[in-house]
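Adding 4 to a residue's 1-based position in the sequence shown gives its number in my numbering. Scroll down for the structure; my scribbles are underneath it.
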Amino acid sequence: MTERLVDVGDGIVLCVDELGDPDHPTLLLMQGMGLGLVWWRDDFCAALVDRGLRVVRYDHRDVGRSTPCRGAVPGVAAIITRRSRPVYTLEDLADDAGRLVPLVAGDGTAHVAGVSLGSFVAQQTAIRHPDRVRSLTSIMGRPGDGRTGKVAWRMRPEFLRSGPRDPEGAAEHLVGTFGRIGSTGRTAEDDEDVRIAFRRSAQRDQGDGAGGGRQFAAVLAETDRTPGLRDLAIPALVVHGTRDRVVKPSGGRATAAAIPGAELLEIEGMGHDLPRRVWEPVVDGIARTVARA
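Here you go:
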């Protein structure tokens, strides 16, 4: 990895890792809540590079090596009522990305792909910075309409679980979490991917460890992106798993329905994770969407 820090203004510095030929189309990858760039697995990124893309993965503010923030995280009451006062918003995260694009892409534009919280940010980036986004891939997302893509009730305790404090115990706790929220057919290699990413994250995180909670507060305060999605005039791919119980499949369907000409790719048995068995259709879909642009 060849990470570097990029000052995007407004006091925010983002850590980025760039892979592939600088002359190829730039794909900006956005991770989920509390997860740094290392959660985009190296082999997954290599597959995208092999498809002729220049991959730029980065840490959102408040995670990894990007600018840390301070402030309260949502408590149990906020999680139950889905109301919280965020330190920053999804729009702020999208503006970080929008300002990052011309600093990492030679032609000042990029294709954006996000997973979970990253999909919300990718959508907002396309809406708020249309001159800098050439295509959109939204994975495990929803339009923020308050009706679709809700978390299943039986999954809500996952947001309240507290894991062990020791590194190995915490890693195994996270493996268990992905086992519960993830796809059918997860393998030992998928579990090892979680351990590797967790250990790499632990070595990189420069904040107070509560960045994921503050990002959750931003999700709780999300606004309806449907009107903005309807105005998009770029190729779009929406990927969702039929087994996703953290963001129900209705969220993906509503997102695809809102974006003119969007392709909906539903993957049987996929949950709220990206196990290796789904990489090929996801990579193919992203490459196909980029080609449409």
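All residues carry an ideal CB built from backbone N, CA and C; glycine is no exception.
Classified as exposed, residue 284 has fewer than 16 neighbouring CB atoms from the shown chains inside 10 Å of its CB.
Secondary structure at residue 25: coil, using DSSP grouped into helix, strand and coil. By DSSP's assignment, residue 116 forms a beta bridge with 32 and 140.
Cβ-Cβ distances below 8 Å link residue 246 to 253, 270, 271, 272, 273 and 274 in the same chain, with the five nearest sequence neighbours on each side left out; the list follows chain order.
Sequence-distant partners of residue 191 (beyond 5 residues in either direction) whose C-beta falls short of 8 Å from its own C-beta, in its chain, are 279, 280 and 281. As computed with DSSP, residue 272 is found in no beta bridge at all. Residue pairing of residue 244 in beta bridges, as defined by DSSP: 270.
Note on geometry: alpha-carbon atoms of residue 295 and residue 30 lie some 12 Å from one another.
For residue 60, no alpha helix (DSSP H) encloses it; the enclosing beta strand (DSSP E) starts and ends at 58–62. The count of Cβ pairs closer than 8 Å, one atom from the region 42–50 and one from the region 126–142, stays below three, leaving the stretches out of contact.
Close CB contacts of residue 121 within its chain, under the 7 Å cut and outside five residues either way in sequence, are with 36, 37, 219 and 223 (chain order). The beta carbons of residue 262 and residue 42 sit no closer together than 8 Å.
For the 8 Å CB-CB criterion, residue 40 and residue 103 do not form a contact. Excluding sequence positions up to five before and after residue 5, its CB lies within less than 7 Å of the CB of 21, all in the same chain and listed in chain order. Per DSSP, residue 277 is not a residue of any alpha helix (DSSP H), being assigned neither H nor E. In the three-state reduction of the DSSP assignment, residue 236 falls in the coil class. Counted as a single uninterrupted DSSP element, the stretch harbouring residue 13 is not any alpha helix (DSSP H) but the beta strand (DSSP E) occupying residues 7–13. Ranked by Cα distance from residue 57, the options 126, 258 and 115 are led by 115. The Cβ atoms of residue 148 and residue 182 do not sit closer than 8 Å to each other. DSSP, read as helix, strand or coil, puts residue 49 in helix. Collapsing the DSSP output to three states places residue 131 in a helix. In the DSSP assignment, residue 285 falls within the alpha helix (DSSP H) that extends over 283–296.
With 16 or more other Cβ atoms inside 10 Å of its own Cβ, residue 109 counts as buried. In this structure, residue 77 sits near residue 217, with a CB-CB distance shorter than 8 Å. The continuous alpha helix (DSSP H) containing residue 108 extends over residues 94–108. Counting along the chain, no alpha helix (DSSP H) covers residue 226, and no H or E run does either.
The criterion of a C-beta distance shorter than 8 Å is satisfied by residue 143 and residue 117. Closest in alpha carbon position to residue 266, among 289, 156, 25 and 276, is 289. For residue 39, no alpha helix (DSSP H) segment is defined, and its DSSP state is neither H nor E. In this structure, residue 297 places its C-beta atom within 8 Å of the C-beta atom of residue 138.
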